[in-house]
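The structure appears below as C-alpha cells.
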Amino acid sequence: MKRLRKPDDRATQELIALIPRLRRFARVLTGNLADADDVVQACLEKAMLNLDQFQPGTRLDRWAFRIARNTWLDDRRRAANRKAHDDISEIIDLVGEDGVALAEASADARAVRAAVDALPREQRDVVALVMLEEFSYREAAEMLDLPIGTVMSRLSRAKAALAKKMRPSGEAA
Amino acid sequence: MTGRFSDKDLAAFLAGTLEDEAVMEAIENAINADPELAERVEALAREDDTAKAVRTAFAPVLAAPVPERLVDAASPREAERQKSAMNAASLGDLPEPANDTGGSWRWPQFAAMAASLAVGVLVGGPLLTGAGPGGDMGGGALVLTGTDSAALSPDLAAMLDSAPSGEAVELGGQGSGTVVLTFRNADGQLCRQFRLDGPAATSDALACALGDDWRIEAFGRRAQPAGEMRLAGGDAAVGVIAAVDEMIDSDPLVGPDEAAQLEAR
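Protein chains in written order, with the working numbering: chain A, 1355 to 1527; chain B, 126 to 390.
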C-alpha cells in the first residue's frame, strides 16, 4: 500500500518516542514536572522547526537533549526560580505496578529524588545524562561542551553527596 | 604522566569515594590534559548501585502518560492536511514504546502516530477481522483514521453501545469482545474497558463516549507466553489498567443501571 511518508517522518516518530525520556531529563533539571513539561514542549517546538538541521545518521537523542538543556538555560527566569517539588510520588499511582513492592520502594525513591533535587545544577546535568540516560562520560562531555575529566569529577562529587544521603542513618558514623 | 595514579585511585575518583580534595582536583586536571589517561579512566567506569537507585527513583516519569500538548508539539504542521489520507499501517510500523508498559499505547501516542505517519492506524490485524469503514482496510477491529476521530468497526461500536458488562459478543466471526467495566470519567462521559479475544492474542482497550462515537483512550496487547494455555482471567494490559485508574470517577455501572445509562447516552 502506498505510503505518504515524508523524509523526516522517521525523525518525527523518534522524537515522539523520546518524549518520556525528555520529560525525565527536564524533571531533573527543573526540579518539578510542571516546569519540566514546559521545557519539553518548547524543546519539541524548536526541534520540529529545526528538523532539517538534524544530521541523519547522528543520534537524535543527543541532539534533542541538547536542545532541551539549552531551552532550560535560555529561560533564565525559570532557571533562577527553580522550585524543587517531588511531584513524581503523585503520578506513581498511575503506573500500576505491584502495590506492596511499590510502597516499600517509594520511600527510598522519594529520598533519592530529594537528594538529586538538592544537588547543584552542574552536578544534576551529569547525573541526568550519565546515570539516568546512560550516556558515556565522553558523550556527556560532548553534549555539555566540557572536558571529560570535569564530567567525571562532577559525577563523582554527585555520587558522594547522594551516597551520604542514601545511606541508612545507622551507618552514619 | 599516565602512570602517576594507580587504578585504585582512579576507580575511587570515579566512584566518589576519594576523600582528598587536592587529589580529586589533580586527577581531574590530569585527565583533562591527557587523552591517554582519559581513555584509561573511561575503561574503569563501572555501573554502580547509586545509578541504579537514581534510575528507579525517576522511572515513574518514563511510565507516566504523556500530556497531549507535548505530543502535539512534536506533530508535523501539515498533519491537518494529511489527516484525510487513509492508508493502513500495521502496528509493526510504529516505533516501540519508549517505556516498559508492555506494548500499550495511550490515546495521545496513538493520535501522534496517526498524525506523524499521516495514515490511519489499523489495530487488530490477525487478532480480529471485520470490514473497516474504508472497505479496503484488510480487516481489523479498530481503525483510527486521524488525530481526533476513531472509527470503530460496526460490530465493535454496537458492542460498546449496548452490550452489558460480562457478556461476550461475537465480532465478525473471528473472535469475541467482552466489556469488563463501565464507568463515568471526571467529565461525566461513559467509558468502557473491554477485552478482545482473537485466535492469536488477547488485547485490552478503553473507550470513552465522544458524541455518538467512541474514542479509544488506551489499547494494549496482553503479554502471552507462546505455547502456554490461555488463562480465562489473566491480567489486562498494564497501560489500559493505568488509563482506567486515571479516568474512573464513578462506581462501576452494572445491571439495569448500566443498561439505562447506555440507553440514555
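Yeah, the Cβ is synthetic: ideal placement off N, Cα and C, and Gly gets one too. What you are looking at is a predicted structure, and each value in this text was computed from that prediction instead of being measured.
DSSP three-state assignment for residue i, whether helix, strand or coil
i	result
Phe1419/A	helix
Glu1487/A	coil
Ser328/B	strand
Ala334/B	strand
Arg1492/A	helix
Arg347/B	coil
Glu144/B	coil
Ile152/B	helix
Arg1436/A	coil
Ile341/B	strand
Asp1499/A	coil
Gln386/B	helix
Gln1395/A	helix
Arg1413/A	coil
Pro1374/A	helix
Ser200/B	coil
Gly380/B	helix
Leu1405/A	helix
Leu1369/A	helix
Val1466/A	helix
Val191/B	coil
Ala1472/A	coil
Ser1510/A	helix
Cβ-based burial, residue i [other Cβ within 10 Å; buried from 16]
i	result
Leu306/B	buried
Ser278/B	buried
Pro1403/A	Before going on, a small fix: residue 1403/A reads as Leu here, not Pro. Flag for Leu1403/A reads exposed.
Ser328/B	buried
Ala147/B	exposed
Pro1374/A	buried
Arg171/B	exposed
Gly106/B	What is shown of chain B runs 126 to 390, which leaves residue 106/B out entirely.
Thr1412/A	exposed
Asn1435/A	exposed
Same chain, Cβ closer than 8 Å to residue i, neighbours up to 5 away in sequence not counted
i	result
Glu353/B	Any reading at Glu353/B needs caution, since the residue's pLDDT is 43, under 50, leaving its predicted position unreliable; the model's value is listed next. Contacts found: none.
Leu1486/A	Arg1378, Phe1379, Val1382
Arg1492/A	Ile1502
Whole-number beta carbon distance between residue j and residue i, since they are thought to touch under 8 Å
i	j	result
Gly1385/A	Ala1438/A	4 Å
Ala330/B	Phe344/B	5 Å
Val166/B	Leu135/B	5 Å
Ser1510/A	Ala140/B	7 Å
Pro192/B	Ile1442/A	About 15 Å; that fails the 8 Å criterion.
Val365/B	Val1470/A	Rounded, the Cβ-Cβ distance is 31 Å, inconsistent with contact.
Ala163/B	Ile152/B	11 Å between Cβ atoms; not a contact.
Sequence-distant residues of its chain with Cβ nearer than 6 Å to residue i (five each side left out)
i	result
Thr1425/A	Val1393, Ala1396, Cys1397
Glu1368/A	Leu1414
Ala1390/A	Arg1377, Ala1380, Arg1381, Thr1384
Residues of its chain near residue i, where Cβ-Cβ distance is below 7 Å and the 5 sequence neighbours each way are ignored
i	result
Ala351/B	Low local confidence applies: a pLDDT of 41 at Ala351/B is under 50, so the model's placement there is unreliable, and no value is given.
Val1449/A	In this predicted model, Val1449/A has a pLDDT of only 47, less than 50, meaning its place in the structure is not dependable; the value taken from the coordinates is given anyway. Excluding sequence neighbours, Val1449/A sits near nothing in its chain.
Ala1482/A	Phe1379, Val1382, Leu1383
Asp261/B	Reliability fails at Asp261/B, whose pLDDT of 33 lies under 50, so the model's placement of it is uncertain and no value is given.
Glu1476/A	Arg1508
Ala1512/A	Leu1473, Gln1477, Val1480, Val1481
Arg129/B	Ala155
Leu378/B	Thr307, Phe308, Gln386
What are the start and end residues of each continuous beta strand (DSSP E) run of 3 or more residues lying completely inside the stretch 276-325 of chain B, in chain order? Whole beta strand (DSSP E) segments, 3+ residues: 293-296, 300-309, 315-322.
Write down every uninterrupted run of the alpha helix (DSSP H) in the stretch 159-184 of chain B whose length is 4 residues or greater and which is fully enclosed by it, in chain order. The qualifying runs are 160-168.
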